[in-house]
Structures are given as structure tokens and as C-alpha cells.
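Residue numbers (this note's numbering): 1132 to 1382. Below is one structure, written out as C-alpha cells, with a few remarks after it.
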């Protein structure tokens, strides 16, 4: 079995105030910026673009939606279209510093109530990992988490955490273009170098995280090219596909 690429996305936002857009205008192409300012498009809601890109390559991904970062009802139609189209919907949990467990349970309950989706996987906002939440997730019916980085877990492959499967993140767009401000070409070379590292150690999976709101930003625009190239060289799967393969889990 060769290396499989696990495509994932977090939906941190689907809109920003004009004041924010004008402050970060250099991130966008001029034509996209003008269309946004004229209310012809929305620079921060690229869910349809994401679907188009992946569908054109014959692949599907896992998309983690929150209930507390923006009103989930704003993307309810998108959630339903994605699910019908074969994309996996996960819960993007926000870990609060107080009443942590109660609010995680509440987020799960509201998510299932509003969307009708019972998510099988979670990823925490800001990649905040709390081991004490593992039994809470299992109690809710969650079977996997994808919050830890490869650098923390020291493994590209999934592993068990008290009967919860952990899928480590190998590469994240926010690191490449936000934290380290790499150029698009250097970022692509880095991603492929990391993939070669995973292959060299015999890894079976390589998990990529791109935020959907970044797809029209400098850096995030490489996603279309990246998916096309990866789909021609590797098997591309969703998180739940990995869980089924490693645990024999069937929904």
C-alpha cells in the first residue's frame, strides 16, 4: 500500500467586515478584491470553489464546521450539498478556558440539531488539544480527532488515544503563508519535501489542512494546483476513510 493524501479543511469564517478586507487587501488579486467590494463575490466563502476544485479531480475531503465562530445557519445549505456530494462533515470544536466539557457537549448538540449531521470526527480551533476531552468525545460518538501536529505526535500515521483515533496534521496553510510567509513556489516545494519524508519513514497517510477562506488569498491559491498534482500521483482520501482502513470502522 502506497502513501495516501488526507485532504482536510477548517471553516473558521465565511465573511469579514470591509474594514478587515481593506486592512489585508494585499493578500488578494485586484480583480477578486474589486468583485468583493462590489458585492459580486465573497472572498471569505470559497466552499463552492473548494467543491469545484476537488470534484474536477475526482476527490473528496473532510471539512470541519464550527457552531460558535459564526452562525452555522449561514452555511447550512452548503453543509447539506457537501454531504450529499460525498464530502465528510466534521465538527470544528472551540475549546473554551472555562466550562470546557459542558461547552464541547453543547457545541456537538447544537451542531447535530441544526445541521442534522452526527459528526464522527473533530478538530479543535487553533489546534488546541486537551487529552481530558478524549472520553467526552467517545461518549458523544466521536471516533477520531485531527488536532495534533506531526511534530507533536512524532508520527504521520494515525494512532490510538484511549480508543479514539488521532490523525496528525502534516502541513497547514496558516503555517506556510501566515506564520512563515513563504512564497507559493517555496511552499509547494516544502509540501513535497514533507511528503517524501513521510514516504521515507514508511508512512501510509499524510494529512493536509487548508482553510477554505484562504483559497483566494496569496498562498492559498496554490490549492487548486496542489490537488490536481496530488490526485495524479496518490490516492486522496477523507479522514473517515482512514479510520475505516485502520480500524475497520463502518458507519
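For each residue, glycine too, the CB sits at the ideal point set by N, CA and C.
Item checked: DSSP state of residue 1219 mapped onto helix, strand, coil -> What you label residue 1219 is simply residue 88 of the chain shown in a count that begins at 1. Strand, per DSSP.
Item checked: Three-state class that DSSP yields for residue 1140 in the structure shown -> For the purposes of this step, residue 1140 is identified with residue 9 of the chain shown, where counting begins at 1. In this structure, residue 1140 counts as strand in the three-state DSSP scheme.
Check: How about residue 1365 and residue 1134: do their beta carbons lie closer than 9 Å?
Finding: Translated into positions along the chain shown, residue 1365 becomes position 234. Translated into positions along the chain shown, residue 1134 becomes position 3. It is a contact, given that the beta carbons lie within the stated cut-off.
Margin query: Could you check whether residue 1192 and residue 1227 sit closer than 9 Å to each other, using their CB atoms as the reference points?
Written below: As a position in the chain shown, residue 1227 is number 96, starting the count at 1. As a position in the chain shown, residue 1192 is number 61, starting the count at 1. Not a contact, by the Cβ cut-off of 9 Å.
Check: Given residue 1347, which residues of its chain have a CB within under 7 Å of its CB, disregarding the five upstream and five downstream residues?
Finding: Reading the chain shown from its first residue, position 216 is the one you call residue 1347. Excluding positions up to five away in sequence, the list reads 1159, 1163, 1174, 1177.
Next item on the list: Could you tell me whether the stretch 1306–1323 touches the stretch 1257–1276, using the rule of 3 or more Cβ pairs below 8 Å?
Entry: no
Checklist line | Per DSSP, cross-strand counterpart(s) of residue 1340 | finding: Mapped onto the chain shown, residue 1340 falls at position 209. Looking at the DSSP assignment, residue 1340 forms a beta bridge with 1139, 1303.
Margin query: Here's a check: name, in chain order, each residue in its chain whose Cβ is nearer than 8 Å to the Cβ of residue 1143, leaving out the five neighbours to either side.
Written below: Counted from its first residue, the chain shown places residue 1143 at position 12. For residue 1143, where only same-chain residues beyond five positions count, the Cβ hits under 8 Å are 1197, 1200, 1223, 1256, 1342, 1344.
Next item on the list: Going by CA-CA distance only, name the one from 1280, 1275, 1286, 1212 that's closest to residue 1292.
Entry: As a working mapping, residue 1292 is identified with position 161 in the chain shown. For the residues 1280, 1275, 1286, 1212, the minimum Cα distance to residue 1292 belongs to 1275.
Check: Under the three-state reduction of DSSP, which class applies to residue 1231: helix, strand or coil?
Finding: In the chain shown, residue 1231 corresponds to position 100, counting from 1. Three-state result, residue 1231: helix.
Margin query: Using the three-state DSSP reduction, which class does residue 1124 fall into: helix, strand or coil?
Written below: It is not possible to answer for residue 1124, since the shown part of the chain is limited to 1132 through 1382.
Checklist line | Entirely enclosed alpha helix (DSSP H) segments - the stretch 1317–1372, minimum 4 residues | finding: 1354–1364
Next item on the list: Within the same chain, show all residues whose beta-carbon is closer than 8 Å to that of residue 1270, passing over the 5 residues directly before and after it, in chain order.
Entry: By one-based count along the chain shown, residue 1270 stands at place 139. For residue 1270, there are no CB contacts under 8 Å within the same chain when 5 residues up- and downstream are skipped.
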